[in-house]
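Q: One line per chain: the protein sequences are A and B, in this order.
Under this note's numbering, the residues of the first sequence are numbered 54 to 310, in order.
Under this note's numbering, the residues of the second sequence are numbered 2 to 67, in order.
Backbone N, C-alpha and C fix where the C-beta goes; we use that ideal spot for every residue, glycine too.
Quantities reported herein were computed from a predicted structural model and do not represent experimental measurements.
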Amino acid sequence: MGDPLVIGGREIGSRLIMGTGGAANMSVLERALVASGTALTTVAMRRLDAGGGPGVLALLERLGIEALPNTAGCRTAAEAVLTARMAREALGTDLVKLEVIADDRTLLPDPIELLDAAEQLVDDGFTVLPYTNDDPVLASKLVDAGCAAVMPLGSPIGTGLGIRNPHNIAMIVAATAESGRPVPVVLDAGIGTASEAALAMELGCDAVLLATAVTRASDPEAMATAMRLAVESGRLARGAGRIPRRYWAQASSPAVE
Amino acid sequence: MNVLVNGVVTPVSSDATLADVLAAHGVPERGVAVAVSGEVVPRTAWASTPVREGAVVEVLTAVQGG
């Protein structure tokens with residue numbers, strides 16, 4: 054692979070990062086993960102006796118997919134820091150997808166708590182991948198804080214509304230590339246279908262993270278394949294350099310004599 | 002004495018260690034993390050960590066999510 058995604062110094066073998074939430078059962082999840090070609094996949098941390106799908110780690114291990122624990126459900130920096138430390142102890146990884154959510158209705162990140170938690174976890178040696186708003190200013194602050202990536206949302210978690218503010222995503226890509234720490238930008242949340250994953254990559258994102266769009270699709274395996282191809286296509290198109298948009302037509306055949 | 006394990010009141014002997022409490026709950030050695038009163042206790046320290054009356058023990062593992 055000539056063009057790998059690199060996060061925190063480690064090569065990730067796919068630019069499609071998957072989540073595991075929402076799958077009807079383990080067998081559906083397994084087929085979807087394989088079809089997606091993903092190399093890095095999120096898991097949540099919950100009480101041992103709370104149910105909710107034991108065995109997901111064993112599945113990822115069997116498929117050779119690295120686990121990316123998240124701090125889903127945390128509302129404060131203190132909760133998120135503790136959850137990240139628990140994940141590091143349980144999974145033996147310093148990777149963490151940092152989520153600090155403001156409320157249940159929007160599931161939007163709380164920017165104040167998010168930045169606080171990011172600073173604490175970077176200090177504690179974590180490789181921090183923060184789920185953030187599509188706000189270029191906040192993204193820059195997270196990069197400056199030492200995060201290993203920034204992961205702006207396209208639209209709220211689970212909505213499938215796609216990328217509501219493509220210009221903000223493009224600004225985050227540009228500002229991050231021009232910063233002293235050009236870390237990967239990962240479009241995280243809101244993707245509903247393949248064209249939106251391709252758009253994220255065309256806007257210059259380095260990877261896409263999604264779950265619901267695949268796990269709750271009518272045919273998760275087929276949608277996972279579509280997402281894999283979309284991410285590859287969008288990446289190729291971004292690198293190929295699209296034509297500028299024009300106001301009026303420009304003939305593509307020679308003029309008639 | 003009683004301790005709280007994942008929200009469940011659990012009677013244990015007065016000289017119990019964290020390892021004893023976890024064993025009584027059938028907690029596996031791999032794939033879990035344990036915090037006592039908000040501080041992570043590494044696996045290597047379970048057997049040497051005493052628990053106090055009313056201690057709040059949280060045991061987490063990875064599940065599908067995100």
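Quick one: which chain B residues come within Cβ less than 8 Å of T229 of chain A?
A: Those within 8 Å of T229 of chain A in chain B number zero; the least Cβ separation is about 22 Å.
Q: Kindly list, in the order they appear in chain A, the residues whose Cβ is closer than 9 Å to that of N7 of chain B.
A: In chain order: R100, L101, D102 and A103.
Q: Between L174 of chain A and V196 of chain A, is the Cβ-Cβ spacing less than 9 Å?
A: No, they are not a contact pair.
Q: Please decide whether G75 of chain A counts as near chain B, where near means a Cβ-Cβ distance under 9 Å.
A: By this cut-off, G75 of chain A is an interface position.
Q: Using beta carbons (cut-off 9 Å, strictly below), is R44 of chain B in contact with chain A?
A: So yes, R44 of chain B belongs to the interface.
Q: Is the separation between the beta-carbon of L182 of chain A and that of L167 of chain A shorter than 9 Å?
A: The answer is no: Cβ separation not under 9 Å.
Q: Using only the alpha-carbon positions, how far apart do I118 of chain A and G66 of chain B sit?
A: One C-alpha to the other measures close to 15 Å.
Q: Taking only the alpha-carbon atoms, compute the straight-line gap between G106 of chain A and V41 of chain B and give it to the nearest angstrom.
A: Here G106 of chain A scores only 46 on pLDDT, less than 50, and its place in the model is too uncertain to base an answer on.
Q: Quick one: using the 10 Å Cβ neighbour count with 16 as the cut-off for buried, is N78 of chain A buried or exposed?
A: By the 10 Å Cβ count, N78 of chain A comes out exposed.
Q: Anyone know if the C-beta pair for T312 of chain A and G75 of chain A falls short of 9 Å?
A: Here chain A has residues from 54 to 310 only, and residue 312 of chain A is not among them.
Q: Can the beta-carbon of L86 of chain A be found less than 9 Å from the beta-carbon of L110 of chain A?
A: No. Outside cutoff.
Q: If we define contact as Cβ-Cβ less than 9 Å, is T11 of chain B a contact residue for chain A?
A: No, no contact with chain A.
Q: According to DSSP, simplified to helix, strand and coil, what is V69 of chain B?
A: Outside the modelled stretch of chain B, which goes from 2 to 67, sits residue 69 of chain B, for which no answer is possible.
Q: Using a cut-off of 7 Å between C-beta atoms, extract the partners of E30 of chain B located in chain A.
A: Simply none; closest approach about 11 Å.
Q: Distance check for A253 of chain A and G213 of chain A, CA to CA, integer angstroms please.
A: Approximately 14 Å between the Cα atoms of the pair.
Q: Would you list the residues sitting across from L69 of chain A in a DSSP beta bridge?
A: L69 of chain A is bridged to A:V261.
Q: Quick check: the Cα distance between T94 of chain A and G72 of chain A, rounded to an integer number of angstroms?
A: So the alpha carbons of these two residues sit roughly 5 Å apart.
Q: How would you label R281 of chain A, buried or exposed, when you count the other beta carbons within 10 angstroms and need 16 or more for buried?
A: The residue is buried, with at least 16 neighbouring Cβ atoms inside 10 Å.
Q: Assuming V236 of chain A and A201 of chain A make a contact with CB atoms under 8 Å, what is their CB distance in whole Å?
A: The pair is a contact, with the Cβ atoms about 6 Å apart (cut-off 8 Å).
Q: At a CB distance below 9 Å, what residues from the region 128-152 of chain A approach chain B? Give them in sequence order.
A: Here the close residues are A131, L135, T136, R138, M139, A140, R141, E142, A143, L144, K150 and E152.
Q: What residues of chain B sit near N123 of chain A, judged by a beta carbon separation below 8 Å?
A: What N123 of chain A touches in chain B: G66 and G67.
Q: Which two residues bound the contiguous alpha helix (DSSP H) that contains E132 of chain A?
A: Looking at the DSSP string, the run of the alpha helix (DSSP H) that includes E132 of chain A is A130 to L144.
Q: Counting only Cβ pairs nearer than 8 Å, list the residues of chain B close to G72 of chain A.
A: Chain B residues near G72 of chain A: G66 and G67.
Q: Going by the beta-carbon positions, is the gap between T124 of chain A and A170 of chain A smaller than 9 Å?
A: A contact, by the Cβ cut-off of 9 Å.
Q: How long is the line joining the alpha carbons of G32 of chain B and Y300 of chain A, rounded to whole angstroms?
A: Those two C-alpha atoms are separated by around 58 Å.
Q: How would you call P43 of chain B, buried or exposed, if buried means at least 16 neighbouring beta carbons within 10 angstroms?
A: That one is exposed.
Q: Look up G105 of chain A in the DSSP assignment and say whether it is helix, strand or coil.
A: The predicted model places G105 of chain A with a pLDDT of 44, which falls under 50 and marks its position as unreliable, so this point remains unresolved.
Q: So, helix, strand or coil for T91 of chain A, using DSSP?
A: Looking at T91 of chain A - three-state DSSP - the assignment turns out to be coil, as it is neither helix nor strand.
Q: For the putative contact between V203 of chain A and T180 of chain A, defined by C-beta atoms under 8 Å, what is the C-beta separation to the nearest angstrom?
A: Going by Cβ atoms, the distance from V203 of chain A to T180 of chain A rounds to 13 Å, so no, they are not a contact pair.
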